[in-house]
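The structure under discussion appears below in the form of structure tokens.
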Amino acid sequence: MRSINRRDIFPAFGAAALAGIAAAGLAKPETLTAAPVAKPEGHSPIIAARHEYFKNIRLADAMSAGNPPQSYPSHPDYEIWDRKHFSLLEKAWDAAAFMADVPSKTWADVKAKAQVANKEFTDYCAFHVMENQSNETRLALSIIQDIARLSEQEA
């Protein structure tokens with residue numbers, strides 16, 4: 010029996026490695042990976058909260074469109090209308106609060122937060138007594154609006 014030395018082993022390993030590389034090169038691309046990578050937007054709780062926020066805001070705005078008669082306190086159905094309207098707004102505010110508490114993990118999360126903040130913070134500044142002309146508030150609004158605008162351009 011002949012002894013095996015490294016000059017005999019390396020060519021054998023090299024041939025096996027080359028055969029593996031050639032087989033991988035001829036294989037169909039879908040066999041090399043388990044599945045295509047999913048977009049991060051589909052699995053992010055922040056993206057889901059953004060969708061929930063805007064869905065409820067749209068529904069609340071639709072309820073108020075045209076000042077329906079039941080939206081006036083003197084109307085007999087006002088309490089029912091007000092509870093439903095406020096419930097939609099609470100769901101939107103809960104989604105915004107969730108987004109404020111959860112740190113972003115991706116750039117898509119940051120863009121989603123900016124889109125909600127662009128609506129929510131702007132409305133908040135307009136509704137409440139805030140110094141809209143203060144440098145801090147203007148800077149915060151500018152950053153939020155820039156991110157929201159740039160994220161819409163990317164989409």
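Residue 10 is where the sequence shown starts when you use the numbering used here, and the numbers rise one by one after that. No residue lacks a Cβ here, since even glycine has one placed at the ideal position from N, Cα and C. Being a predicted model, the structure only gives us computed values, none of them experimental.
Handout entry: Any 3 or more C-beta pairs closer than 8 Å across the stretch 59-79 and the stretch 95-105
Key = With a cut-off of 8 Å on Cβ pairs, the stretch 59-79 is in contact with the stretch 95-105, counting three or more such pairs.
Exercise for the section: Tell me whether the beta-carbon of A157 lies closer than 7 Å to the beta-carbon of I55. Expected result: Position 148 of the sequence shown, counted from the start, is the residue given in the question as residue 157. Position 46 of the sequence shown, counted from the start, is the residue given in the question as residue 55. When the beta-carbon positions are compared, A157 and I55 stay at least 7 Å from each other.
Practice task
Select from Q154, A135, A106 and I66 the residue whose C-alpha is nearest the C-alpha of A123.
Solution key: Numbered from 1 along the sequence shown, position 114 holds the residue referred to as residue 123. Nearest option by C-alpha distance: Q154.
Problem - Top-ranked residue by Cα proximity to M72, from S83, I89, F130 and P112 - result: Here the question's residue 72 lines up with position 63 in the sequence shown. Selected option, being the one with the closest Cα: I89.
Exercise for the section: Give the secondary structure of S114 by DSSP, where H, G and I count as helix, E and B as strand, and everything else as coil. Expected result: Translated into positions along the sequence shown, residue 114 becomes position 105. In the sequence on display, residue 114 carries Lys and not Ser. Reduced to three states, the DSSP call for K114 is coil.
Exercise for the section: Work out the CA separation of A126 and H84 for me, nearest whole Å. Expected result: Here residue 84 corresponds to residue number 75 of the sequence shown, with the count starting at 1. Here residue 126 corresponds to residue number 117 of the sequence shown, with the count starting at 1. Roughly 34 Å separates the two Cα atoms.
Practice task
Determine the direct distance from the alpha carbon of A105 to that of P82, and round the result to whole angstroms.
Solution key: Locating residue 82 in the sequence shown gives position 73, counting from the first residue. Locating residue 105 in the sequence shown gives position 96, counting from the first residue. Approximately 28 Å between the Cα atoms of the pair.
Practice task
Kindly indicate which three-state DSSP category Y62 falls into: helix, strand or coil?
Solution key: For the purposes of this step, residue 62 is identified with residue 53 of the sequence shown, where counting begins at 1. Three-state DSSP puts Y62 in a helix.
Exercise for the section: Starting from D155, trace the alpha helix (DSSP H) both ways and give me its first and last residue. Expected result: Here residue 155 is taken as the residue at index 146 of the sequence shown, counted from 1. Looking at the DSSP string, the run of the alpha helix (DSSP H) that includes D155 is N144 to E163.
Exercise for the section: To the nearest angstrom, report how far apart D70 and F95 are at their CA atoms. Expected result: Start at 1 with the first residue of the sequence shown, and residue 70 comes out as number 61. Start at 1 with the first residue of the sequence shown, and residue 95 comes out as number 86. Using only the alpha carbons, I get a separation of about 11 Å.
Problem - Reduced DSSP secondary structure (H/G/I, E/B, other) of N127 - result: In the sequence shown, counting from the first residue as 1, residue 127 sits at position 118. Three-state DSSP puts N127 in a helix.
Exercise for the section: Determine the DSSP secondary structure at E50, reduced to helix, strand or coil. Expected result: For the purposes of this step, residue 50 is identified with residue 41 of the sequence shown, where counting begins at 1. Because E50 sits at a pLDDT of 49, beneath the cut-off of 50, its placement in the model cannot be relied upon, and the point is left open.
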